[in-house]
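The listed protein sequences correspond, in order, to chains A and B. Going from the first sequence to the numbering used here is simple: count from 1 and add 12. Going from the second sequence to the numbering used here is simple: count from 1 and add 960. Just so you know, even glycine gets a beta-carbon here, dropped at the ideal spot from N, CA and C. Written below as structure tokens is the structure these notes are about.
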Amino acid sequence: MGSLKNRDIISIRELKNDEILDVINVAKDIKKNMKSYRDILKGYILATAFFEPSTRTKLSFQSAMKRLGGSVIDLPPEEASSRAKGENLADTIRMLECYSDIIVIRHKIEGTAKFVSEIANIPIINGGDGTKEHPTQALIDLFTIYEAYGRLDGLTVGVLGDLKYGRAARSFIFGISKFSPEKIYLISPEQLRARKDVLEFLNKKKIFFREKNDYSGILKNLDVLYVTRIQRERFPDPMEYERVRGSYRITKDILKDVKDNFIILHPLPRVDEIDFSVDGTKFAKYFVQAANGVPIRMALLKMILVE
Amino acid sequence: MSEEEKRLIVTKIKDGTVIDHIDAGRALYVLKILGITGEEDFTIAVVMNVESKRMGRKDIVKLEKMELRKEQVDEIALIAPNATINIIRNYRVVKKYKVDVPKVIEGLINCINPNCITNQKREPVRSTFLVKSLRPLILICKYCGEEIHHEDIIRQLTGV
């Protein structure tokens, strides 16, 4: 069994399947016995360094640390910190390292988490770097699927939305692909197709996958549909965006023929890709998924800092 | 020296280096990264597009009196991964070895992803690539995971 003690979490690809399942199992227990974990990280300090906007990731990490009895320091926004005086990232991290036991970092520059993990001697968790990776989100996604199905392998999965620039979708595809899915449908407009390295990863794992322009004819086969936001600004022509957006919108009406235990996930925030009418259906698991952010991040913090 | 080379019109060199099995058409790139301009005071022979049993066509560069440093050989490997280096003393090959693409390539080329951490000014980080594939040569950025293909590698190393 692999240990996460003192490990950096940079990409979901670096985690072994049994390590992912360990995190899920700890998260499951935390969810059930939340109170028994409340003093586990007493005396430990988490630093959150978010150079990009975040609601769920930052707050759920902070909540997770506090629920474990630890405390949190947060790097202030640029204008209120020394970065406004021109301090570089490396020096900022060296400072944070002295003040904390573990750092979660989000940055729009790709490869930042990896770079920071080389500078700092304390564990680094990637809270999202540019369009590349969001490993803790992938763990939350896998946990939510595991809760619904009691397993991660052999599922038929659709991933819909911006597969090119969306780091959550990308990390999710990497994550679920480690567990031999039956089939993966990659559903996106032509210009937002998954990148070559994602397709190579699927090919290497010998996973049956298809790229599709829309979800018609697929929904009834799916166990899981992972929906992500398509950003208007990705389209050079706003008319083109208006033309395609309807094809990627999930409404209650289109869910008539889905499997009984079908689930819909979304890393959130959503704009209008999932209609509010879907929220009340038994298929909607995206709020459960968001809530799972805390136990998963508690599990990670515990496993990295103590065992 | 091989039969094949004996047939070549270029004479043997007395002391120096023969870089053989350069991919056809890339000899000038090899000269470029070695900083050879033709102004040097020693013999330089460049043979291009000659027949080769192994490669179909190949280029050869002969450099009288010159021996290569490890970094130069590494750079040649990135341009011509099949090249062999022959050290010549008194007309005889005293050492012959294949170039080896280094497992980790640091600081020689830049990541092509402008949004990569290695392209940020004022951060203490060197571009670092790992080898994804040797034939064709594809490197992958250790930090952002971006791939860089052989044509881009050659373009960056030679500035051509």
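Proximity winner among the options, relative to residue i (alpha-carbon distances)
{"i": "residue 1104 (chain B)", "options": "A:101, A:107 and A:124", "result": "A:124"}
{"i": "residue 23 (chain A)", "options": "A:129, A:105 and A:97", "result": "A:129"}
{"i": "residue 60 (chain A)", "options": "A:217, A:185, A:111 and A:232", "result": "A:111"}
{"i": "residue 971 (chain B)", "options": "B:1023, B:1084 and B:1091", "result": "B:1023"}
{"i": "residue 310 (chain A)", "options": "A:17, A:269 and A:39", "result": "A:39"}
{"i": "residue 164 (chain A)", "options": "A:180, A:184 and A:147", "result": "A:184"}
{"i": "residue 1098 (chain B)", "options": "B:1002, B:1080, B:1062 and B:1027", "result": "B:1062"}
{"i": "residue 63 (chain A)", "options": "A:131, A:86 and A:97", "result": "A:86"}
{"i": "residue 1049 (chain B)", "options": "B:1038, B:1088 and B:1025", "result": "B:1025"}
{"i": "residue 279 (chain A)", "options": "A:240, A:314 and A:72", "result": "A:240"}
{"i": "residue 8 (chain A)", "options": "A:68, A:145, A:115 and A:259", "result": "Residue 8 (chain A) lies beyond the range of chain A shown here (13 to 319); nothing can be said about it."}
{"i": "residue 219 (chain A)", "options": "A:228, A:208, A:194 and A:229", "result": "A:194"}
{"i": "residue 109 (chain A)", "options": "A:99, A:74, A:131 and A:273", "result": "A:131"}
{"i": "residue 1086 (chain B)", "options": "B:1102, B:1067, B:1100 and B:1080", "result": "B:1067"}
{"i": "residue 162 (chain A)", "options": "A:217, A:213 and A:235", "result": "A:235"}
{"i": "residue 1054 (chain B)", "options": "B:1000, B:1027 and B:1100", "result": "B:1027"}
{"i": "residue 1108 (chain B)", "options": "A:269, A:145, A:119 and A:209", "result": "A:209"}
{"i": "residue 1042 (chain B)", "options": "B:1020, B:1001, B:1117 and B:1120", "result": "B:1020"}
{"i": "residue 984 (chain B)", "options": "B:992, B:1002, B:1039 and B:976", "result": "B:1039"}
{"i": "residue 1002 (chain B)", "options": "B:994, B:982 and B:976", "result": "B:976"}
{"i": "residue 303 (chain A)", "options": "A:42, A:206, A:95 and A:266", "result": "A:42"}
{"i": "residue 153 (chain A)", "options": "A:307, A:318 and A:316", "result": "A:307"}
{"i": "residue 328 (chain A)", "options": "A:33, A:15, A:17 and A:18", "result": "Nothing about residue 328 (chain A) can be reported from this structure: the residues present for chain A run from 13 to 319 only."}
{"i": "residue 120 (chain A)", "options": "A:319, A:145 and A:294", "result": "A:145"}
{"i": "residue 319 (chain A)", "options": "A:25, A:29, A:49 and A:26", "result": "A:49"}
{"i": "residue 272 (chain A)", "options": "A:293, A:263 and A:256", "result": "A:293"}
Cross-chain neighbours of residue i in chain A, by beta carbon under 7 Å
{"i": "residue 1105 (chain B)", "result": "144 and 209"}
{"i": "residue 1084 (chain B)", "result": "102"}
Residue i, buried or exposed, once every other Cβ within 10 Å from all chains shown has been counted against 16
{"i": "residue 203 (chain A)", "result": "exposed"}
{"i": "residue 141 (chain A)", "result": "buried"}
{"i": "residue 1084 (chain B)", "result": "exposed"}
{"i": "residue 296 (chain A)", "result": "buried"}
{"i": "residue 20 (chain A)", "result": "buried"}
{"i": "residue 44 (chain A)", "result": "exposed"}
{"i": "residue 1093 (chain B)", "result": "exposed"}
{"i": "residue 1089 (chain B)", "result": "buried"}
{"i": "residue 186 (chain A)", "result": "buried"}
{"i": "residue 997 (chain B)", "result": "exposed"}
{"i": "residue 251 (chain A)", "result": "exposed"}
{"i": "residue 1060 (chain B)", "result": "exposed"}
{"i": "residue 170 (chain A)", "result": "buried"}
{"i": "residue 1035 (chain B)", "result": "buried"}
{"i": "residue 288 (chain A)", "result": "exposed"}
{"i": "residue 248 (chain A)", "result": "exposed"}
{"i": "residue 299 (chain A)", "result": "exposed"}
{"i": "residue 260 (chain A)", "result": "buried"}
{"i": "residue 238 (chain A)", "result": "buried"}
{"i": "residue 1057 (chain B)", "result": "exposed"}
{"i": "residue 1031 (chain B)", "result": "exposed"}
Amino acids of chain B, ordered along the chain, whose beta-carbon sits closer than 7 Å to that of residue i
{"i": "residue 276 (chain A)", "result": "Simply none; closest approach about 29 Å."}
{"i": "residue 124 (chain A)", "result": "1077"}
{"i": "residue 213 (chain A)", "result": "Within 7 Å Cβ-Cβ: nothing; residue 213 (chain A) doesn't reach chain B, min ~11 Å."}
Under 9 Å from the C-beta of residue i: neighbouring residues of chain A
{"i": "residue 1032 (chain B)", "result": "Per Cβ cutoff of 9 Å: no residues; residue 1032 (chain B) is ~28 Å from chain A at best."}
Contacts of residue i in chain B (Cβ-Cβ under 8 Å)
{"i": "residue 121 (chain A)", "result": "1075, 1076, 1077 and 1080"}
Chain B contact residues for residue i, given Cβ-Cβ distances below 9 Å
{"i": "residue 184 (chain A)", "result": "Neighbours of residue 184 (chain A) on chain B: none; closest Cβ ~16 Å, over 9 Å."}
Cβ of residue i within 8 Å of any chain E Cβ
{"i": "residue 127 (chain A)", "result": "Checking the listed chains, one finds no chain E in this structure; the protein chains it contains are A and B."}
**OP:** Determine, using beta-carbon pairs with one atom in the stretch 169-177 of chain A and one in the stretch 50-68 of chain A, whether at least three such pairs fall under 8 Å.
**Re:** no
**OP:** For the stretch 23-80 of chain A, list the alpha helix (DSSP H) runs that are entirely contained and at least 4 residues long, ordered along the chain.
**Re:** The qualifying runs are 29-44 and 68-79.
Original post:
Would you say the stretch 1069-1082 of chain B touches the stretch 1009-1020 of chain B, given that touching needs at least three Cβ pairs under 8 Å?
Top reply: No: fewer than three Cβ pairs fall under 8 Å.
Subject >> Inside the stretch 156-226 of chain A only - alpha helix (DSSP H) runs reaching at least 4 residues >> reply: 179-189 and 208-216
Original post:
Enumerated in chain order, which unbroken segments of the alpha helix (DSSP H) with a length of 4 residues or greater are wholly contained in the stretch 1005-1051 of chain B?
Top reply: 1030-1039
Subject >> Cβ contact check for the stretch 984-1000 of chain B and the stretch 1094-1113 of chain B: 3 or more pairs under 8 Å >> reply: no
Subject >> Minimum length 3: unbroken beta strand (DSSP E) runs contained in the stretch 967-1002 of chain B >> reply: 976-983
**OP:** Let me know the beta strand (DSSP E) ranges lying completely inside the stretch 265-305 of chain A, each 3 residues or longer, listed in chain order.
**Re:** Complete beta strand (DSSP E) runs here, min 3: 275-277.
**OP:** Inspect the CB distances between the stretch 219-230 of chain A and the stretch 271-290 of chain A and report whether three or more fall short of 8 Å.
**Re:** The stretch 271-290 of chain A and the stretch 219-230 of chain A do not touch, with fewer than three beta-carbon pairs separated by less than 8 Å.
Subject >> Inter-stretch contact at 8 Å, needing at least 3 Cβ pairs: the stretch 270-279 of chain A / the stretch 144-157 of chain A >> reply: yes
**OP:** Let me know the beta strand (DSSP E) ranges lying completely inside the stretch 1061-1101 of chain B, each 3 residues or longer, listed in chain order.
**Re:** 1064-1066, 1088-1093 and 1098-1101
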